[in-house]
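Notes follow the structure.
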Amino acid sequence: MIIHLKSSVADAEVQKISEDLKAFHIKKPDYHVLVAPSAMTEVPAQYESLVEDSFVFPNDMQLSSADYFSTTREININDVRIGGTTNNTMVIGGPCSVESEDQITQSAELMKELGISTLRAGCFKPRTSPYTFQGMGIEGLKLLDKMRSKYGLNIITEVRDTTHVDEIIEYADIVQIGAKAMYDQGILRRCGQARKPILLKRGFGTNLQEFVQAAEFILSGGNDEVILCERGIRTFETKTRFTLDLCGVAYLKEYTNLPIILDPSHAMGYRYGVPDLARACTAMGVDGLLIEVHPDPSVAKSDAAQQLNHDTFRDLLGTLRPIASAIGRTII
Ligand code: PEP
Ligand code: MN
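Per the working numbering, the sequence shown starts with residue 1102, numbered consecutively.
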């Protein structure tokens, strides 16, 4: 249950009530939000006079629920806006990993040339083998920082574990929590304290309820800016890397208030399918796309098979704009 307490209720009293109700407290300028377990369905009589509004939910999808806010939350990434009434579809492009200054400079220049605002690249890679390239770490973050100042781009990069979550929050404009890190409650809670947009990727064995509840860990910490990312789930199919769950996306659009970004690159796992999938995702009317693109995919140190080259990405972008415009959206 979500309860809005009047702003006139003193902080100490709010504190006492939230402890009593086992609720999270989020302070807003005009009211206090208390988020109690969904099992609670009535405001206790002794607090009724302090309550401005209350909301009951059938399960622990609460702050994220479309029954709480009926329109998608607006997220501001510096001067870039998605969600709300913007009808923007934000393309995030860039390589899987930062590999060198030369490589990431070429990627940044491509984004700049194409008018794309957000550059992606991982520095702490959650690889499935410890013997493969693990990312450039802090050195990579510094290169991304340099690309931001040199080209005026927003930067999205992923946090792999709690050892470097503070550094990622400091350097990134959007903090990406990857599919494997999605269950790490240390990361989720820390991101709940942050005042930066968070892109939460769906774990590949995660159902929609679990996915949205992971977002609730961030939202209940007081961070309003959570973006969901569908990147494919594991099914019985082995011909593609994962299975992009577009039905799940339709569910999330209907039942949550969180913006949604689709990642066809990791879902497909092979570059040949990525442009078609990106077009299909755009036609679904989502808030963004995440596409891996590398100056020379044949030498990429991670996810080489799925990254597009610059020419293919350029051509793809040209085909996305009219699709977006046909459904009243703008590619940004
Ligand atoms: C990535 O974005 O490069 C990545 C590792 O994604 P995921 O967490 O979805 O596997
Ligand atoms: Mn990748």
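Cβ coordinates follow ideal geometry from the N, Cα and C atoms, glycine included.
The Cβ neighbour count for Asn1255, taken over all protein chains shown within 10 Å, is at least 16; the residue is labelled buried.
Of the residues His1411, Met1385, Asn1160, the one whose Cα lies closest to the Cα of Glu1393 is His1411. Membership of Arg1182 in any alpha helix (DSSP H) is not indicated; the residue belongs instead to the beta strand (DSSP E) covering 1181–1183. Lys1213 and Leu1151 have their C-alpha atoms spaced approximately 52 Å apart. For the 7 Å CB-CB criterion, Leu1347 and Leu1329 do not form a contact. Shown here, His1133 sits in a strand according to DSSP, grouped into three states. Between Glu1259 and Gln1277, the beta carbon gap of about 4 Å places them in contact (Cβ cut-off 8 Å). Ala1315 sits close to Met1283, with the two beta carbons spaced by under 7 Å.
Within the region 1220–1300, the complete beta strand (DSSP E) runs of at least 3 residues fall at 1255–1260, 1275–1278. A distance of 7 Å or more separates the beta carbons of Gly1241 and Ala1280.
Glu1175 sits in coil when the DSSP states are folded into three classes, being neither helix nor strand. Boundaries around Val1313 are those of the alpha helix (DSSP H), 1309–1320, since no beta strand (DSSP E) includes it. When the alpha-carbon of Gly1185 is set against those of Val1199, Ser1198, Phe1170, the nearest one is in Phe1170. Remark: the shortest separation between the CB of Cys1292 and any heavy atom of ligand 2 does not fall under 6 Å.
The beta-bridge partner set that DSSP reports for Val1327 consists of Ile1299.
DSSP, reduced to helix, strand and coil, places Lys1402 outside both helices and strands of the structure shown, so it counts as coil.
Under DSSP, Lys1107 shares a beta bridge with Tyr1132. Those residues whose C-beta sits under 5 Å from the nearest heavy atom of ligand 2 are, from N- to C-terminal order along the chain, Cys1197, Asp1404.
DSSP assignment within the region 1350–1429 yields the following whole beta strand (DSSP E) runs of 3 residues or more, N-terminal first: 1361–1363, 1389–1393. Linking Thr1383 to Gly1323 through their CA atoms gives a straight-line distance of about 30 Å. Taken from the Cβ of Gly1349, every heavy atom of ligand 1 lies 6 Å or farther away. For ligand 1, no non-hydrogen atom lies closer than 6 Å to the CB of Arg1372. When Thr1307, Ser1201, Phe1234 are compared, the shortest CA-CA separation from Arg1335 is found for Thr1307. Looking only at Glu1143, Glu1153, Pro1145, Gln1147, the smallest Cα-Cα distance to Val1134 is reached by Glu1153. Here the alpha carbons of Phe1312 and Thr1263 stand approximately 19 Å from one another.
For the pair Lys1107 and Ser1198, the Cα-to-Cα distance works out to about 47 Å.
In this structure, DSSP gives Glu1338 a state outside helix and strand, which the three-state scheme calls coil. Nearest to Ala1425 by C-alpha distance, out of Gly1389, Glu1271, Val1110, Lys1297, is Gly1389. The three-state reading of DSSP puts Thr1206 in helix, counting H, G and I together.
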